[in-house]
Amino acid sequence: MPLAAGTVPQPRTGRIGRIVPMLVAFALAFGAAAAAPAPSARAERAIAAQRLALAIDTHLNTVPMRAFVAALGGQPGLQHWLLLLADISGVLDAPALAEGQLARATRLALSRGDRVHAVQALGASAQAALVLGAYPRALALANQLREQARLLGDRSGEAEADAIAGVIARRRGQLDRALEFQQRAIARFREAGDEIGAMRSLSDLGTIWRDRGDYAKALDAQLEATAARERSGDRLDNVYRNVALLYREIEDHAAARDYFQRALEKADEGGVPSAYASVVGSWASVLNDLGEHAAAHAAASEALAIDTALGDKPHQGLEHLEIGRALLGQGEVQQAASHLESALTLGRELGHREIVARALLHLTEVAMLERDMLRARGLIDEAMAGLESARLRPQLAQAYALREQLARAQHDDAEALRFSHKHAQAREELIGIRASRQLAALEARHARAANEQRLQLLAKDNDLKAARLTQQELQRRFGLAAIAGLGLLLVALVWRHLGVRRLNRELGLRNAEIERQRAALGEANLRLQVQAADLRTAAATDSLTGTANRREVLERLAERFADCVANARPLALMLIDFDHFKQINDVCGHLGGDRALVAGAAVLRDCLGADDLLGRFGGEEFVVVVRNREPSIVMALAERLRAQVAEELARLMPDLRSIATISIGVAFLADLPAGSRTEHLLEAADLALYEAKNDGRNRVRRRAA
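Heads up: the sequence shown is residues 370 to 1074, going by our numbering.
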């Protein structure tokens, strides 16, 4: 809240002489600071601004306090002067200095019972503490702000306190609390008529929806906030960055690049180092995702230089992470380890769960490269716990893969197999999640585009109605004009006839435009329907074999199980496992193993009927669901599947014909006790598969009742 004009008492003319030297000193300090060397032009500006802010604060503290207070008009003057200095420190990106000045201003305001300026100072002080990563202090200041704003009846101040608390809760991984705080902040901002504040909280709300995995709501919130903030010009760099990060999550790299470009342009225009660092640091994470490690290293290093000068610890932690990732990608293991350790230290200090978990994950990679398996085991176990808590699924899949590699290096085959299954399941779920994310984003864009088209059509219809009313009014006036006399009738007739022709032309043009809009909307809807159908198929399909994925199999199995139980129909489940698959991978490589799975799945598909369900259950395991067939027919089908897959694998890899086979476990609904569920059928098939493996593999076994 800026101070109103004239609130700072003006000193008498005789005291100006004591203030002018201060201003000269500030100018000299700025000139000296600007000449200092720095890693980049923007980092140099940040360092120069910090030195200028420090020079201002230091010079003021050398002035005798009583003379200073007297020059400015007593305690009220000092309070206003401190708020002004805090504004200057804020402009110069010096949050630590600003917080100290604001703390003094708050104490003075509260001692004088001046709640208006106390609320102003508390809000700015909480924001400064948030930037510095001092979350406990920021939360305490937000709570104090909420109480003072409540006593003052300032709904906007209460909303600001809720918004700050929401940001802290999200960074600590408390997403439900964060959601509650931001929704309440939006309601209070709107109640106070503060639309800019509401849109800032809406943007933060979109980030929470993104973290929760609800990408349709996240995109809708971010786009609404973007449209409103584009109209007001409020911090567009930040809102464009948030939208870009959302598109990164749904792997729309073209849209992410576009919005990051907009964010960088706006941050450059604003000239605020902290804003630029926030954008370029996030851009580094996308560059690392794309494998552009040299560019990511440069971007993250520039952001780190700025944020180190500013004292912004949360962003420093994230930037150390991205530099570490980039260096790992470039093969600079020791340098990467140093940055990742720095990220881990900062993450633990701040209680920032995402930074800690991601740092541990990448440090595990370092330890494995250095053959320090004991340390790698401790790091990866801690990383997995943090990643599961923070729900970072892509990194969790990577963690399972690392854990599998670690188990193999330690010759723990059982543990390696367990994490191999978990990794395969996580990858399959991730493929489905990504497709669902893209579908959700597509549906959100579709809904927004459809709403805008409907609004345009309504506006055109209103224009048509207005034009028709005008035409009717002209016709009515024409009738009245006839009474005025024959002399004017001819002139009026010609004039009105021309007017009607003009209106008819306008109506024709508007009708044509509406038809074009309707045709364009129809074409867009058709394209969106095709894209949505493709994405739904992708969300249900295993990307390697083209069969149903685990999630699709479980959903359709549950439907068929319920139908067969309700209608007393036969149902059978086959669980199929490719024998000696690890050995095949070791001999032929992972690509050879993939070819075996693809070929085997193709044979299975060819042998099954249109009503049979085939899906990949995880890793080298497949599921076949057969209904409405007698057990003898099902067992004969299972034997045919086993034999024909073995024949195809022998043709594909003749040197491995003795081990390239499949084992099948079969379970029947009729063999289960009454009241059994889908998981009981799966357990029975799994036990039958275990018997087939135990009996020597390359065979079919049925689980008896």
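By construction, the Cβ of each residue, glycine as well, lies at the ideal position given by its N, Cα and C atoms. Small disclaimer: the values here were computed from a predicted structure and weren't measured.
In the DSSP assignment, I1033 falls within the beta strand (DSSP E) that extends over 1031-1037. Looking only at A465, S1045, L690, Q470, the smallest Cα-Cα distance to I724 is reached by L690. DSSP, read as helix, strand or coil, puts G987 in strand. CA-to-CA, the gap between P939 and D963 works out to about 34 Å. Between the C-alpha atoms of V1014 and G984 there is a straight-line separation of about 16 Å. As the crow flies, the alpha-carbon of L687 is around 8 Å from that of G650.
Cα atoms of H449 and D545: separation of roughly 39 Å, rounded to the nearest angstrom. Taken atom to atom, the span from the alpha-carbon of I945 to that of D1055 is near 9 Å. At least 8 Å separates the beta-carbon of A497 from that of R515. The count of Cβ pairs closer than 8 Å, one atom from the stretch 602-611 and one from the stretch 633-640, reaches three, so the stretches are in contact. In the DSSP assignment, T910 forms a beta bridge with A917. Membership of A941 in the beta strand (DSSP E) is indicated by the continuous run 940-947.
In this structure, the alpha-carbon of I565 lies about 43 Å from that of Q699. Judged by DSSP in its simplified three-state form, R1071 adopts strand. About 11 Å separates the CB atoms of L479 and A472; that is not less than 8 Å, and the two are not in contact.
Selection L1058, A495, L520, E999 evaluated against R1011 yields L1058 as nearest (Cα-Cα). Using a Cβ distance threshold of 8 Å, L1050 and L942 count as a contacting pair. Nearest Cα to I533 within the set A509, A556, L521: A509. S670 and I692 have their C-alpha atoms some 7 Å from each other. G1034 and E1008 have their C-alpha atoms some 11 Å from each other. Under the DSSP assignment, R964 falls in the alpha helix (DSSP H) whose first and last residues are 950-976. In this structure, E1052 is the residue among C933, Q794, L1025, E1052 with its C-alpha nearest to the C-alpha of A1036. Of all C-beta pairs linking the stretch 767-787 to the stretch 717-737, three or more are shorter than 8 Å, placing the two stretches in contact. Where G492 is concerned, the enclosing alpha helix (DSSP H) starts and stops at 484-501. Residues of the same chain with a CB within less than 7 Å of the CB of A745, apart from the 5 flanking positions on each side, are T733, A736, M737, L775 in chain order. Secondary structure remark: continuous alpha helix (DSSP H) runs of at least 4 residues inside the stretch 571-616, in chain order: 584-601.
About 11 Å separates the Cβ atoms of R617 and A623, ruling out a contact at the 8 Å cut-off. When rounded, the separation of the alpha-carbon atoms in H792 and E620 is 20 Å. Only exposed fits Q630, as fewer than 16 other CB atoms lie within 10 angstroms of its CB. It is roughly 47 Å from the alpha-carbon of L729 to the alpha-carbon of D980. The beta carbon of A646 sits closer than 6 Å to the beta carbons of A672, I675, D676 from its chain, once the five residues preceding and following it are set aside; these are given in chain order. The beta carbon of H790 lies closer than 6 Å to those of G987, G988 in the same chain, with the five residues before and after it left out. Proximity of the stretch 990-1004 to the stretch 1014-1025 falls short of the contact definition, fewer than three beta-carbon pairs being nearer than 8 Å. Closest by C-alpha distance to A917, out of R581, V1003, Q551, V967, is V967.
Look at the stretch 673-761 and you find these whole runs of alpha helix (DSSP H), each 4 residues long or longer: 682-698, 702-719, 722-738, 742-759.
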